[in-house]
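Asks: Take a look at this one; I'll ask things after.
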Amino acid sequence: MRVLGIDPGLRNMGWGVIHVSGPRIAHVANGVCRSTGTDLGARLLQLHQALSAVLIEHAPDTAAVEQTFVNKDGAGTLKLGQARGIAMLVAAQAGLSIGEYAPNAVKKTVVGVGHADKRQVDHMVRMQLPGAEIAGPDAADALAIAICHAHHAQSAGHLEAALKRAAS
C-alpha cells in the first residue's frame, strides 16, 4: 500500500509518499508544492495543480492530511484551512480514502511525545526512513503524517481481523 501524507500550507504544502508492507515502511518520494503571488485563488490553483501532479506520478492508495489547529491569527487559520481543503479535494478527486490527524497525534505516533518540536519529528522520520533525502521541514512533517496513517491503518486492520475471528 502506498500512503500519501500531506502537510497543508498556503505557501509550502509538504507531501511525502511511503510504501507499507506489513510492519515495514519504505520511503518512496517527498517534496514541497509551492505557491507564489498575492492572488489567493491563483495560489490555491497552483497548489491544486502541483499536488495533482504528485498523485499522478506516485499513484498512492490512500492519503492522510494534518488537521488545522486554530491559532491566534484567525485570518491565517482560514487561509490554512483553504489550503487543507485543496489537499483533501485533490485526494478525493483521485478516489482516495483520506485520514485526518491532529498535529499532536502525528507527533505522538512518530516521536512518542505529543508536543515534540520539528527537529524531533524530522529526526524520527529519518530514523524510520533511513537513506531518505528529505526536501525540508514541510516534507518531513508530511512523511510523519503518512507514517501516522500507516500505523493507524494497520491497527484498524488488526481490530477488524480480531472482530471477524471473534464472530466466527
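Going by our numbering, the residue at position 10 of the sequence shown is -1; the numbering climbs one at a time, nothing skipped. Even for Gly, the Cβ is constructed at its ideal location relative to N, Cα and C.
Leaving out five residues on either side along the sequence, give the residues of the same chain with a beta carbon under 6 Å from the beta carbon of residue 83.
Replies: Excluding residues within five positions, the ones whose Cβ falls inside 6 Å are 44.
Asks: Can you tell me whether residue 64 is buried or exposed, with buried defined as 16 or more other CB within 10 angstroms of its CB?
Replies: So residue 64 ends up on the exposed side.
Asks: For the 8 Å Cβ check, are there 3 or more pairs between the region 7 to 20 and the region 75 to 92?
Replies: With a cut-off of 8 Å, the region 75 to 92 and the region 7 to 20 do not count as touching, because too few Cβ pairs lie within range.
Asks: Rounded to a whole number of angstroms, what is the C-alpha to C-alpha distance between residue 102 and residue 96?
Replies: Roughly 6 Å separates the two Cα atoms.
Asks: Note down, one range per segment and in chain order, each alpha helix (DSSP H) of at least 4 residues found wholly within the region 69 to 137.
Replies: Listed in chain order, they are 92 to 99, 107 to 117.
Asks: Figure out for me which residue from 26, 33, 50, 39 has the closest Cα to the Cα of residue 139.
Replies: That would be 50, whose Cα lies nearest to the Cα of residue 139.
Asks: Residues in the same chain with beta-carbon distance under 7 Å from residue 137, minus the five sequence neighbours each way, listed in chain order, please.
Replies: Cβ neighbours of residue 137 beyond the five flanking positions: 53, 90, 94, 95, 98, 99.
Asks: Any chance you could list the beta strand (DSSP E) runs of at least 3 consecutive residues sitting entirely within the region 8 to 37, in chain order?
Replies: Complete beta strand (DSSP E) runs here, min 3: 13 to 23.
Asks: Is the region -7 to 0 touching the region 64 to 75 in the sense that three or more CB pairs, one from each, lie closer than 8 Å?
Replies: Judged by Cβ distances under 8 Å, the region 64 to 75 makes contact with the region -7 to 0, as three or more pairs qualify.
Asks: DSSP on residue -1, reduced to helix/strand/coil?
Replies: Coil.
Asks: Quick one: is residue 104 buried, meaning 16 or more other Cβ sit within 10 Å of its Cβ, or exposed?
Replies: Counting Cβ neighbours within 10 Å, residue 104 comes out exposed, since fewer than 16 surround it.
Asks: For residue 56, which residues from the same chain have a beta carbon less than 6 Å from its beta carbon, with the 5 sequence-adjacent residues on both sides left out?
Replies: Same-chain partners within the cutoff: 89, 91.
Asks: Report the option in 23, 106, 48 whose CA atom is closest to the CA atom of residue 38.
Replies: Among 23, 106, 48, the Cα nearest to that of residue 38 is on 23.
Asks: By Cβ distance, which residues of its chain are closer than 7 Å to residue 17, with the 5 residues on each side in sequence left out?
Replies: So the qualifying residues of the chain are -9, 6, 7, 8, 47.
Asks: By DSSP's criteria, residue 55 is part of a beta bridge. Which residues make up the other side?
Replies: In the DSSP output, where bridge partners are listed per residue, residue 55 has 90.
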